[in-house]
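Residues 1 to 492 (the UniProt record's numbering) make up the sequence shown, in order.
Just so you know, even glycine gets a beta-carbon here, dropped at the ideal spot from N, CA and C.
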Amino acid sequence: MATSKICKFYNNQNVFITGGSGFVGKVLIEKLLRSTNVHTIYVLIRAKKGHDAQKRFDDIFDSIIFDKLKSKQPEFKNRVVPICGDCVTNGLGLSEGDKERLISEVNIVFHVAASVYFDEHICKAYTINCKGTENVLSLCKEMSVLKVFMHVSTAYSNCNRPSVDEVIYDTPVKYTQMENLVHKSTMEEMEKLTPKLLESWPNTYTFTKALAENLIQDNYGNFPLGIFRPGIVTSTYKEPLENWSDSNSGPNMVLRCASLGYTQIFSANHSKIEMVPVDLTVAALIATAWDVYFNQNQQQLPIYNYVSSTDNALTVHEFFLLICTQLRNYPSNKAVWVPNFQTIPGSPVTDFLIYCYHLVLGLSLDFLRLFCLKKPKIFLGMIKTHLAMTRLSHFGNREWTFSNKNVKEMWGQMNETDRNLFNFDIGSVQWVYYLRNYFKGLKVHLMKENLETLPEAKTRLKKLQFLQNGMHFLVIFFGISTIFILMLKFYC
Ligand SMILES: NC(=O)c1ccc[n+]([C@@H]2O[C@H](COP(=O)([O-])OP(=O)(O)OC[C@H]3O[C@@H](n4cnc5c(N)ncnc54)[C@H](OP(=O)(O)O)[C@@H]3O)[C@@H](O)[C@H]2O)c1
1 MATSKICKFY NNQNVFITGG SGFVGKVLIE KLLRSTNVHT IYVLIRAKKG
51 HDAQKRFDDI FDSIIFDKLK SKQPEFKNRV VPICGDCVTN GLGLSEGDKE
101 RLISEVNIVF HVAASVYFDE HICKAYTINC KGTENVLSLC KEMSVLKVFM
151 HVSTAYSNCN RPSVDEVIYD TPVKYTQMEN LVHKSTMEEM EKLTPKLLES
201 WPNTYTFTKA LAENLIQDNY GNFPLGIFRP GIVTSTYKEP LENWSDSNSG
251 PNMVLRCASL GYTQIFSANH SKIEMVPVDL TVAALIATAW DVYFNQNQQQ
301 LPIYNYVSST DNALTVHEFF LLICTQLRNY PSNKAVWVPN FQTIPGSPVT
351 DFLIYCYHLV LGLSLDFLRL FCLKKPKIFL GMIKTHLAMT RLSHFGNREW
401 TFSNKNVKEM WGQMNETDRN LFNFDIGSVQ WVYYLRNYFK GLKVHLMKEN
451 LETLPEAKTR LKKLQFLQNG MHFLVIFFGI STIFILMLKF YC
């Protein structure tokens with residue numbers, strides 16, 4: 001078999017990664033260590049919530065996704081080095097020593113760090129997603145042996161458009177204007193201005209990711225650079241283990257709320273979902289750095305739309321349908337109601353009806369809790385999750401057309417060995433196989449619920465089902481009684 005061209009590219013190289021403590025970042029570190037012979041990976045990490053950077057760095061490797069690596073390469077930690085810093089601070093807040101080391105040694109940069117919250121305050125989203133990118137870019141310009149810089153964006157950075165090519169689109173507001181606004185205005189003023197700034201973008205996340213792409217286009221230095229735009233990144237398909245995810249965003253949040261009984265109906269139609277498993281996503285990202293470096297003269301700023309609808313389409317409805325059959329097989333110990341999750345196509349009327357349904361259910365369950373001398377909390381939880389679901393349903397009810405020519409050409413240039421080692425062929429994913437244990441993976445890895453407690457959870461589910469049947473009986477009984485009384489009054 002031919003030798004791996006991608007491994008040859010990474011051989012003995014020093015890599016700098018931001019966002020290494022996040023969902024995508026962890027899988028990227030693991031795959032680089034396991035499948036390539038990188039010399040050292042420098043991981044930018046900040047202190048947070050009372051934990052210092054070193055402790056947070058050590059915690060990354062407690063994740064089960066490193067178990068395979070630990071057994072294959074027990075000494076792997078010698079190849080990863082924490083770099084204490086924060087993207088939003090000028091110069092990333094690096095110590096002089098760390099800065100010297102990075103600018104003299106780093107060959108490949110993956111800028112993965114971002115705020116991915118849809119409802120993030122615009123100032124914060126701007127600071128992390130744009131200012132953070134600018135700070136990383138500035139450092140890269142000082143790097144003396146840098147070969148390539150990969151910026152991780154999102155396929156939805158241009159979700160204000162119906163079709164998205166592998167190009168950068170202008171934003172109506174420039175990042176320079178945003179910079180001025182953020183400096184001059186208070187948080188409250190910016191909050192009020194947000195709808196006008198967002199225009200046709202549905203949230204601050206996608207909007208600031210589009211601004212960051214523009215910022216890169218205008219400011220990149222004298223080194224090869226590429227932008228990688230994945231769709232919705234979901235649990236691992238196969239590597240290093242099946243169905244692993246610790247991300248609580250996007251569809252995972254919907255499924256978590258559905259399993260707890262907080263979300264019963266989600267507004268989504270038969271549009272295609274741009275779902276890309278994280279292991280394939282990371283394989284593609286690793287390949288892009290190689291591709292950008294070797295094709296640097298062909299395209300000034302290559303962009304890679306990594307999506308699924310082009311080669312292996314699945315609809316939002318099918319996605320949830322395939323997974324939701326498992327919600328009752330793996331019930332949660334913390335469920336407040338029976339998971340009856342369903343998707344229905346969105347419209348203002350259905351949104352209103354969904355809201356009313358959750359409102360009535362939440363109030364009824366809290367009434368029952370009060371009756372049992374328990375603190376009412378379900379109504380508020382249902383309203384909160386309903387609002388979060390409304391933000392997500394924008395993506396469940398729309399469809400985009402993506403072109404992925406660069407991704408296809410990159411695949412075409414890879415030899416058989418690389419295709420096996422870094423398989424990102426989305427056409428090879430068998431959705432039914434992948435999704436059959438998707439929820440089980442979330443229960444174990446994201447919700448941290450031990451499968452040994454399944455018998456208790458099933459008993460709890462039975463009790464909730466009994467209660468649900470009782471409620472149905474009461475609703476039907478009172479409904480029929482009311483109709484009967486009304487008819488009696490009418491005829492007598
Ligand atoms: N997940 C998806 O479905 C998806 C889809 C398309 C694109 N993407 C892109 O993929 C990238 C990673 O997403 P993810 O899902 O892995 O997100 P995530 O789990 O929330 O991770 C975000 C990472 O960014 C880091 N970060 C945030 N602010 C930082 C700062 N000021 N300084 C240093 N690090 C900072 C976080 O560090 P802390 O741990 O310190 O907070 C964390 O490591 C993002 O660029 C995102 O836009 C994700």
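{"query": "8 Å Cβ shell around VAL112 - same chain, five flanking residues per side excluded", "result": "ILE17, THR18, GLY19, GLY20, GLY22, VAL24, GLY25, LEU28 and VAL152"}
{"query": "Cβ-Cβ distance between ASP418 and LYS5 below 8 Å", "result": "yes"}
{"query": "heavy atom of ligand 1 below 7 Å from VAL112 C-beta", "result": "yes"}
{"query": "Own chain, CB closer than 6 Å to PRO224, minus 5 neighbours either side, in chain order", "result": "VAL148, VAL292, TYR293 and GLN296"}
{"query": "Contact check, ILE83 vs ASP59, beta carbons under 8 Å", "result": "no"}
{"query": "Per-residue DSSP class, three states only, for ILE378", "result": "helix"}
{"query": "heavy atom of ligand 1 below 7 Å from GLY46 C-beta", "result": "It is Arg, not Gly, that sits at residue 46 in the sequence shown. Yes, Cβ of ARG46 sits closer than 7 Å to a heavy atom of ligand 1."}
{"query": "Helix, strand or coil at ILE273 according to DSSP, with G and I counted as helix", "result": "coil"}
{"query": "Simplified DSSP assignment, three categories, for MET414", "result": "coil"}
{"query": "Nonlocal neighbours in the same chain, by C-beta distance under 6 Å from GLY362, ignoring five residues either side", "result": "ILE378, PHE379 and MET382"}
{"query": "Supposed contact pair SER235 and TYR438 - C-beta distance, whole angstroms, cut 8 Å", "result": "6 Å"}
{"query": "Nearest to PHE319 (by Cα), restricted to the options PHE424, LEU255, PHE367 and ILE303", "result": "LEU255"}
{"query": "SER138 Cβ short of 7 Å to ligand 1 heavy atom set", "result": "no"}
{"query": "Three-state secondary structure assigned by DSSP to ASN222", "result": "coil"}
{"query": "Other residues of its chain near ALA457: CB distance less than 7 Å, five sequence neighbours each side excluded", "result": "PRO331, SER332 and ASN333"}
{"query": "Length of the line joining the Cα atoms of residue 494 and GLY231", "result": "Because the chain in this structure spans residues 1 to 492, residue 494 falls outside the shown range and cannot be described."}
{"query": "Segment limits, alpha helix (DSSP H) that includes ILE286", "result": "278 to 294"}
{"query": "Proximity to PRO172 [Cα-Cα], best of ASN450, LEU211 and GLY261", "result": "LEU211"}
{"query": "Heavy atom of ligand 1 within 7 Å of LYS272 beta-carbon", "result": "no"}
{"query": "Distance between ASN305 and ILE168 (C-alpha atoms, nearest Å)", "result": "11 Å"}
{"query": "3-residue-minimum beta strand (DSSP E) runs that sit fully inside the segment 87 to 140, ordered along the chain", "result": "108 to 111"}
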